[in-house]
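Residues 45 to 675 in the numbering used here are what the sequence shown lists, from first letter to last. All C-beta atoms, glycine included, are put in the ideal place defined by N, C-alpha and C. The block underneath contains the structure these notes are about, expressed in C-alpha cells.
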Amino acid sequence: LERHCRSATTCNALYVTLFGKMIARAGRAGNLDKILHQCFQCQDTVSLYRLVLHSIQESMADDVDKELMKQILCLVNVSHNGVSESELMELYPEMSWTFLTSLIHSLYKMCLLTYGCGLLRFQHLQAWETVRLEYLEDPTVNSSYRQKLINYFTLQLSQDRVTWRSADELPWLFQQQGSKQKLHDCLLNLFVSQNLYKRGHFAELLSYWQFVGKDKSAMATEYFDSLKQYEKNCEGEENMSCLADLYETLGRFLKDLGLLSQAVVPLQRSLEIRETALDPDHPRVAQSLHQLASVYVQWKKFGNAEQLYKQALEISENAYGADHPYTARELEALATLYQKQNKYEQAEHFRKKSFKIHQKAVKKKGNLYGFALLRRRALQLEELTLGKDTPDNARTLNELGVLYYLQNNLETADQFLKRSLEMRERVLGPDHPDCAQSLNNLAALCNEKKQYDKAEELYERALDIRRRALAPDHPSLAYTVKHLAILYKKMGKLDKAVPLYELAVEIRQKSFGPKHPSVATALVNLAVLYSQMKKHVEALPLYERALKIYEDSLGRMHPRVGETLKNLAVLSYEGGDFEKAAELYKRAMEIKEAETSLLGGKAPSHHSSSGDTFSLKTAHSPNVFLQQGQR
Numbered sequence: 045l046e047r048h049c050r051s052a053t054t055c056n057a058l059y060v061t062l063f064g065k066m067i068a069r070a071g072r073a074g075n076l077d078k079i080l081h082q083c084f085q086c087q088d089t090v091s092l093y094r095l096v097l098h099s100i101q102e103s104m105a106d107d108v109d110k111e112l113m114k115q116i117l118c119l120v121n122v123s124h125n126g127v128s129e130s131e132l133m134e135l136y137p138e139m140s141w142t143f144l145t146s147l148i149h150s151l152y153k154m155c156l157l158t159y160g161c162g163l164l165r166f167q168h169l170q171a172w173e174t175v176r177l178e179y180l181e182d183p184t185v186n187s188s189y190r191q192k193l194i195n196y197f198t199l200q201l202s203q204d205r206v207t208w209r210s211a212d213e214l215p216w217l218f219q220q221q222g223s224k225q226k227l228h229d230c231l232l233n234l235f236v237s238q239n240l241y242k243r244g245h246f247a248e249l250l251s252y253w254q255f256v257g258k259d260k261s262a263m264a265t266e267y268f269d270s271l272k273q274y275e276k277n278c279e280g281e282e283n284m285s286c287l288a289d290l291y292e293t294l295g296r297f298l299k300d301l302g303l304l305s306q307a308v309v310p311l312q313r314s315l316e317i318r319e320t321a322l323d324p325d326h327p328r329v330a331q332s333l334h335q336l337a338s339v340y341v342q343w344k345k346f347g348n349a350e351q352l353y354k355q356a357l358e359i360s361e362n363a364y365g366a367d368h369p370y371t372a373r374e375l376e377a378l379a380t381l382y383q384k385q386n387k388y389e390q391a392e393h394f395r396k397k398s399f400k401i402h403q404k405a406v407k408k409k410g411n412l413y414g415f416a417l418l419r420r421r422a423l424q425l426e427e428l429t430l431g432k433d434t435p436d437n438a439r440t441l442n443e444l445g446v447l448y449y450l451q452n453n454l455e456t457a458d459q460f461l462k463r464s465l466e467m468r469e470r471v472l473g474p475d476h477p478d479c480a481q482s483l484n485n486l487a488a489l490c491n492e493k494k495q496y497d498k499a500e501e502l503y504e505r506a507l508d509i510r511r512r513a514l515a516p517d518h519p520s521l522a523y524t525v526k527h528l529a530i531l532y533k534k535m536g537k538l539d540k541a542v543p544l545y546e547l548a549v550e551i552r553q554k555s556f557g558p559k560h561p562s563v564a565t566a567l568v569n570l571a572v573l574y575s576q577m578k579k580h581v582e583a584l585p586l587y588e589r590a591l592k593i594y595e596d597s598l599g600r601m602h603p604r605v606g607e608t609l610k611n612l613a614v615l616s617y618e619g620g621d622f623e624k625a626a627e628l629y630k631r632a633m634e635i636k637e638a639e640t641s642l643l644g645g646k647a648p649s650h651h652s653s654s655g656d657t658f659s660l661k662t663a664h665s666p667n668v669f670l671q672q673g674q675r
C-alpha cells in the first residue's frame, strides 16, 4: 500500500480510506487476494469508487434490487440538493423500507452517500462523478431521470403543496433541462419564489430570472401582476394574512435589487392589509412598518422612516414589553437613523436603551440562569394546578390565555383569561391596572366571538380603571379607548363613539405632537364617524387638518394624502360643490397613477384600505368612508 500510494492521484486521504474499506469488506467476504489485486489496478479515486459500486451491486442477489440501487443513485445525482427517503418511497412504491434502509447503510459505509438536512447526498464530488460516468453518460438517460423528479415535484405544486423541497428542486431542474418557459412559469408561482427568498437564496433566484432573459424591472412588473391576480381570489382572514406576507416578500426582494421606489408600493400594500385584516396594533403591523421604514432609510427619506419606526416601536412595546428583543430592534433602528442624520445625542439615547435590553438577554443565556428559570416555571405550573394566588401566577394565566387566543383556541383562552382576572381581583384589588389588562383581553375575546354587549361591558370597565390609574397619554389607555370606540361604531352607537375618538386625538397629540401622521389618522377616524352621522360640517375641518399633516410629514404624493383627498371629494360632492369635488378627486387620481406607474401596472383594488373602490356614484353611501377609517 505504501509503494502504491505515491502518485498524485493515489496519495490522498479519500483514496486510502476507500482502499481500507474495500480490504475490510473483502476480508469479511473471504476474497481478499482478488479484491487487493483489483484495488491495486485502480490508479485514481474515481476508478476505486467504481470498484466500490460494482462490489455493492455484486453483493445483491436480485436484479430488481440492483436496478433500484442504480435508479436511486441516478436520482440523487441529477437532483439539486439530494433526495429524501420519503420521496424515494413515493417515487418507488414497490420498494420496501427494509431494502432502502439496508442499501443506504451500505452506501453510507462505503463513502458514497451521506445525510444532510434529511436528504441523501453524495459524500464527495468523486462519488457524484463515478455515478455520472457509470450510469448517466447518455444525455437522454440523464434527461429522463430529471424528468422523473420534475413530474414528482410538479405534482406537488398542482396539489398546492409548495414545500421548501419543491422550491429548491423544480426551478433548478427546469434550468438544467433548458426549459425557459417552464422555469418562468415556476418562478411566477408566488409561493415558490417566496420560499426561496425567505430562506436566503436571493442570488439563486436572481440567476433563474437572468436565465429566462428578464431584467430587474421586467421581473418586478411580472411579480406584481401575478400578485394582483392572486389577490382577486383572496377571501378570509387567513388568506389575507398570507397575501400580506407575499406583498412584504416582494417589497423586500425589490429593495434588495435596489428598486427602492418600486419596493414602497408592495410594502405599503402589505401594511394596509395587515392593518385591516388583523389589527392596527398587531405585531405583524409593526413588522410591516419596520420593513417600509428600512426602504425609506435607503432612499434617504429620513422623515418618513422616523415616523414609521416610532409607530413600530410603540406597537412592539405594547405587544412584547419594553425589554423584548423586538423592542430593542426598533430602538436600534432609530439609533442608526439618527446617526445617519448626525443627530448623535438622540442616537446615543436609543442605542443605550437597546444595549440594556441586549445585556439582559445575554445574561439570560447562561446555563445556571436557564436551570433556575426552568425550576421557577415548574414551581409556577405546580402552583397554577393547586390554585395558589400570586401576581406572577395571574400574569402566567393571562399569558397562556393570550397564547391560546392567538392560536384561535377561543374556549381555552376564555378559561385562562377569566382565571387570571379573578386571581388579580383577589390579590391586587379590582381597581389595579393589571385587572384592566385582563378585562381588555377578555373584551377582545368576546369581540372575536361576536358577543358585542359583553365586550362593551368589559372594555368600559377596563377604560374606567385605566383612566383613574394611568397617565392621560399612556399607550395602554389609548389602546382601550381606540378599541372601545371601534366597538361602539360596529354596534351603531355612534354618539357614544364620538367622545372616545376625540379622546384618541388628544392622546396621540400628547404622545407624538400635533403634526405626527398618527394624529392625522386619529383625525380621519373622527371625521369618518361624523360623516357616517351626516355631520359634514364637523367632518370637513378634521379632514383638512389631517390632509395638511399628511402632506407636511409624508409628502404631497403619499397614498394617505390621496385617500384623504378622496374623502374630501365625497364631502364636497354631497355639499353640492361639484367643481371642488372634481378637482379634489382629480388630485387623488394623480397620486394613485403616480403610485401605480412605479411598477408599470394597475393599482391593487381588492380588499384595500386605501379606498380604491371609491366612486362618486356611491357617494351617498357611508361605506365609502369606512375603509380608511378602520385604521
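Endpoints, the alpha helix (DSSP H) within which residue i is located
{"i": "Arg190", "result": "183 to 202"}
{"i": "His527", "result": "519 to 534"}
{"i": "Ser103", "result": "Unbroken run through Ser103: none, as it is neither H nor E."}
{"i": "Val614", "result": "603 to 618"}
{"i": "Val206", "result": "Premise fails: Val206 is in no alpha helix (DSSP H) and is neither H nor E."}
{"i": "Val256", "result": "Counting along the chain, Val256 falls outside any alpha helix (DSSP H), and DSSP gives it neither H nor E."}
{"i": "Leu486", "result": "477 to 492"}
{"i": "Arg69", "result": "57 to 73"}
{"i": "Ser305", "result": "304 to 321"}
{"i": "Pro561", "result": "561 to 576"}
{"i": "Asn233", "result": "That residue, Asn233, is in no alpha helix (DSSP H); it is neither H nor E in DSSP."}
Sequence-distant residues of the same chain with beta carbon closer than 6 Å to residue i, five excluded per side
{"i": "Leu444", "result": "Phe460"}
{"i": "Tyr629", "result": "Ala613"}
{"i": "Leu45", "result": "none"}
{"i": "Ala337", "result": "Ala349, Leu352, Tyr353"}
{"i": "Ala330", "result": "Ala356, Ile359, Ser360"}
{"i": "Val175", "result": "Leu117, Asn121"}
{"i": "Phe255", "result": "Gln219"}
{"i": "Met104", "result": "Lys110"}
Cβ shell of residue i (< 7 Å), same chain only, five flanking positions each side left out
{"i": "Trp253", "result": "Leu231, Met263"}
{"i": "Glu314", "result": "A quick correction: the sequence has Ser, not Glu, at residue 314. Closer than 7 Å at Cβ, skipping near neighbours: Ala288, Tyr291, Glu292, Gly295, Ser332."}
{"i": "Glu492", "result": "Leu454"}
{"i": "Leu643", "result": "Legend: pLDDT at Leu643 = 48, less than 50; position of this residue unreliable, no value from coordinates given."}
{"i": "His602", "result": "Tyr594"}
Extent of the continuous beta strand (DSSP E) run through residue i
{"i": "Gly4", "result": "In the structure displayed, the chain extends from 45 to 675; residue 4 sits before or after that span and is not available."}
Per DSSP, cross-strand counterpart(s) of residue i
{"i": "Phe166", "result": "Leu157"}
{"i": "Val127", "result": "Leu164"}
Environment of residue i [buried if 16+ CB atoms lie within 10 Å]
{"i": "Cys55", "result": "exposed"}
{"i": "Cys49", "result": "exposed"}
{"i": "Lys41", "result": "This structure leaves residue 41 out entirely; the chain is present only between 45 and 675."}
{"i": "Met467", "result": "buried"}
{"i": "Thr137", "result": "At residue 137 the sequence reads Pro, which differs from the Thr that was named. It counts as exposed."}
{"i": "Asp367", "result": "exposed"}
{"i": "Glu319", "result": "buried"}
{"i": "Phe297", "result": "buried"}
{"i": "Pro215", "result": "buried"}
{"i": "Tyr587", "result": "buried"}
{"i": "Val108", "result": "exposed"}
{"i": "Glu213", "result": "buried"}
{"i": "Ser654", "result": "Legend: pLDDT at Ser654 = 33, less than 50; position of this residue unreliable, value from coordinates given subsequently. Classification of Ser654: buried, given that the 10 Å Cβ count is 16 or more."}
{"i": "Thr184", "result": "exposed"}
{"i": "Leu277", "result": "Per the sequence shown, the amino acid found at residue 277 is Asn instead of Leu. Exposed is the call here."}
Sequence-distant residues of its chain with Cβ nearer than 8 Å to residue i (five each side left out)
{"i": "Leu62", "result": "Thr89, Leu92, Tyr93, Val96, Met154, Cys155"}
{"i": "Val206", "result": "Gln200, Asn233, Phe235, Val236, Asn239"}
{"i": "Arg69", "result": "Ile79, Ser99, Met154"}
{"i": "Gly302", "result": "Lys260"}
{"i": "Gly645", "result": "Confidence is the limiting factor: at Gly645 the pLDDT is only 46, short of 50, which leaves the residue's position unreliable, though a coordinate-based value still follows. Correct list, in chain order: Thr265, Phe268, Asp269, Lys272."}
task = Take every Cβ of the region 373 to 384, pair it with every Cβ of the region 346 to 356, and state whether three or more of those distances are shorter than 8 Å.
result = Yes, the region 373 to 384 is in contact with the region 346 to 356.
message = Whether or not the region 289 to 308 and the region 231 to 240 are in contact is what I'm after, with contact meaning three or more pairs of Cβ atoms, one per stretch, closer than 8 Å; do they touch?
response = Contact holds: three or more Cβ-Cβ distances are below 8 Å.
task = Indicate whether the contact test is met: 3 or more Cβ pairs, each with one atom in the region 146 to 163 and one in the region 75 to 89, closer than 8 Å.
result = Segments in contact, no.
inquiry  = Does the contact criterion of 3 or more C-beta pairs under 8 Å hold for the region 113 to 125 versus the region 176 to 189?
reply    = Touching, yes.
task = Evaluate contact between the region 571 to 579 and the region 527 to 547, counting only Cβ atoms and requiring at least three cross-stretch pairs below 8 Å.
result = Taking 8 Å as the limit for Cβ pairs, the verdict is that the region 527 to 547 does touch the region 571 to 579.
query = Three or more beta-carbon pairs under 8 Å between the region 353 to 363 and the region 301 to 312, yes or no?
reply = Touching, no, given that fewer than three Cβ pairs across the two stretches are closer than 8 Å.
ask   = Are the region 543 to 553 and the region 519 to 526 touching, with three or more C-beta to C-beta distances below 8 Å?
value = Using a C-beta cut-off of 8 Å, the region 543 to 553 makes contact with the region 519 to 526, since at least three inter-stretch Cβ pairs fall below that distance.
inquiry  = Counting beta carbon pairs with one atom in the region 117 to 135 and one in the region 155 to 174, are three or more of them shorter than 8 Å?
reply    = Segments in contact, yes.
task = Evaluate contact between the region 617 to 635 and the region 589 to 599, counting only Cβ atoms and requiring at least three cross-stretch pairs below 8 Å.
result = Segments in contact, no.
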